[in-house]
């Protein structure tokens, strides 16, 4: 095997990446135009570069300087799709009934109600809502509130137990304004037959949403989340940059793009923060990143304690390498805001950085609660995990797409065999619009949907 750069380099052994020239001990190793770490031993041209001879440069809280960014002057493109226009002006791409338990003790009842509803409702269970204090309890309430207000939910049944910290009265306070015809509450300890009462409420909610119809709405109303999980050596050269092009295409229509996985920004902050549209946005985004670095330090963990074993097996050697591939999912979209846990997504188009960890389950939940309509989820290893919202899995390599065709919605690996980048971008963009108009993703067809809530405090 030979790799062609300025000169031909002969590869000495099997691996995923190789030195194109000799690299001295201590010298930075460059990929994607940025350092992904430094050599811990001399590396010869053609020698494999991996976790044995490459070490991360990451440490501390980080220090980045704001530089004014000039947004592109191009006008917004027109375009529409068929969606559900809600009373508050927001748009949904599904019209479902969601059952949201306030506490883990009610999760089993929620799941059974969904099962007995005959497909009329979906339950999203979690283990929290009781024995929580302070910030943890607030995070649980904020995420559940975001789900209750989500425009993909035509109606919601909030299911409480009656003795939990996060009781229904507390949840009502966090929810704020809501439509009483579309958000119902049931406290299990207050009723004799929770199944009968729950099913009666679901039947009424089903009647309420029965009249909802899709209408033409601007593409600018869409909120597209971008996420990667189980990366491999191709993630940063196929699926992630392809999703970045699709993000650019949606942003050109005035849509919103959401990105989270804050630890997977570590080492690539310069790329992301350089697109901040104002100093205020820069400081907000940098603050979220610094706070997450501080979270690692407070728990005695190294800033570079990532990637996962699966990522390493797939060819990712340092967190910088993963991050530099990861942030490509945001394309070149101007960074217009940074959302703290529980923040509501604004209506203005652009890229928004959402607070939260890289953990796949927590990340897709954060993106959903923030208001994303669908998730573009790139993967080099494969995963059945899906958010409560439609989740399109984009394979980084064709072997995965073929092996797990019941998981994978789109094959970005075709780029490795000469497929036209712009043609694939258009195809994925069109798939997003078809999904927004009701075409089910592979995950929806299989019935996959999960949530997980970030926790960092005391459990009583």
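Residue numbers (my numbering): 681 to 1140. We treat Cβ as the ideally placed atom computed from N, Cα and C, and that holds for glycine.
By a C-beta neighbour count over all protein chains shown, 10 Å radius and 16 as the cutoff for buried, is residue i buried or exposed?
{"i": "residue 1077", "result": "buried"}
{"i": "residue 1086", "result": "exposed"}
{"i": "residue 724", "result": "exposed"}
{"i": "residue 895", "result": "exposed"}
{"i": "residue 720", "result": "exposed"}
{"i": "residue 685", "result": "Residue confidence is low: residue 685 scores 46 on pLDDT, short of 50, so the model does not pin down where it sits. Its coordinate-derived value is still stated next. That one is exposed."}
{"i": "residue 872", "result": "exposed"}
{"i": "residue 893", "result": "exposed"}
{"i": "residue 887", "result": "exposed"}
Quick one: measure Cβ to Cβ for residue i and residue j, integer angstroms, because I've assumed they're closer than 8 Å.
{"i": "residue 797", "j": "residue 882", "result": "5 Å"}
{"i": "residue 826", "j": "residue 940", "result": "Wrong, their Cβ atoms sit about 13 Å apart, outside the cutoff."}
{"i": "residue 629", "j": "residue 737", "result": "Coverage of the chain is limited to positions 681 through 1140, which leaves residue 629 absent and any answer about it impossible."}
{"i": "residue 1059", "j": "residue 1079", "result": "The pair is not a contact, with the Cβ atoms about 12 Å apart (cut-off 8 Å)."}
{"i": "residue 889", "j": "residue 835", "result": "5 Å"}
{"i": "residue 1051", "j": "residue 961", "result": "That belief does not hold up - the Cβ atoms of residue 1051 and residue 961 are roughly 18 Å apart, past 8 Å."}
{"i": "residue 773", "j": "residue 1054", "result": "7 Å"}
Roughly how many angstroms separate the alpha carbons of residue i and residue j, rounded to a whole number?
{"i": "residue 681", "j": "residue 1034", "result": "Here residue 681 scores only 37 on pLDDT, less than 50, and its place in the model should not be relied on; the value that follows carries that caveat. If you take the alpha carbons of residue 681 and residue 1034, they lie about 42 Å apart."}
{"i": "residue 912", "j": "residue 746", "result": "32 Å"}
{"i": "residue 823", "j": "residue 739", "result": "31 Å"}
{"i": "residue 1103", "j": "residue 1009", "result": "17 Å"}
{"i": "residue 1139", "j": "residue 1116", "result": "39 Å"}
{"i": "residue 708", "j": "residue 700", "result": "13 Å"}
{"i": "residue 1026", "j": "residue 691", "result": "50 Å"}
{"i": "residue 712", "j": "residue 831", "result": "38 Å"}
{"i": "residue 899", "j": "residue 1113", "result": "9 Å"}
{"i": "residue 788", "j": "residue 732", "result": "46 Å"}
{"i": "residue 768", "j": "residue 859", "result": "10 Å"}
{"i": "residue 1023", "j": "residue 954", "result": "23 Å"}
{"i": "residue 1101", "j": "residue 1073", "result": "18 Å"}
{"i": "residue 820", "j": "residue 809", "result": "6 Å"}
{"i": "residue 1007", "j": "residue 968", "result": "15 Å"}
{"i": "residue 683", "j": "residue 1091", "result": "With a pLDDT of 44 at residue 683, under the threshold of 50, the modelled position of that residue is not reliable, and no figure is offered here."}
{"i": "residue 1133", "j": "residue 956", "result": "28 Å"}
Considering Cα atoms alone, identify which of the options is closest to residue i.
{"i": "residue 777", "options": "770, 855 and 791", "result": "791"}
{"i": "residue 624", "options": "1032, 844, 1066 and 1013", "result": "Shown here, the chain extends from 681 to 1140; a query on residue 624 therefore has no answer."}
{"i": "residue 946", "options": "1031, 956, 935 and 976", "result": "976"}
{"i": "residue 757", "options": "901, 1134 and 831", "result": "901"}
{"i": "residue 959", "options": "1099, 696 and 750", "result": "750"}
{"i": "residue 1120", "options": "1066, 834, 1083 and 1130", "result": "1066"}
{"i": "residue 909", "options": "943, 980 and 957", "result": "943"}
{"i": "residue 1089", "options": "1099, 1096 and 1111", "result": "1111"}
{"i": "residue 780", "options": "813, 856, 866 and 764", "result": "866"}
{"i": "residue 715", "options": "1068, 817, 1001 and 869", "result": "1001"}
{"i": "residue 965", "options": "1015, 1069 and 812", "result": "1015"}
Residue i CB to nearest chain B CB: under 8 Å?
{"i": "residue 1036", "result": "Included in the structure is just one protein chain, with no chain B present."}
Starting from residue i, follow the beta strand (DSSP E) in both directions and report where the run begins and ends.
{"i": "residue 789", "result": "No beta strand (DSSP E) holds residue 789; the alpha helix (DSSP H) holding it covers 787 to 796."}
{"i": "residue 760", "result": "760 to 765"}
{"i": "residue 1030", "result": "1030 to 1034"}
Output the boundary residues of the alpha helix (DSSP H) element that contains residue i.
{"i": "residue 1045", "result": "1040 to 1050"}
{"i": "residue 975", "result": "959 to 978"}
{"i": "residue 884", "result": "874 to 889"}
{"i": "residue 926", "result": "919 to 932"}
{"i": "residue 1122", "result": "1122 to 1126"}
Can you find a heavy atom of the ligand ZN that lies under 7 Å from the Cβ of residue i?
{"i": "residue 1016", "result": "Of the ligands one can find in the structure shown there are none, so the ligand ZN has no counterpart to examine."}
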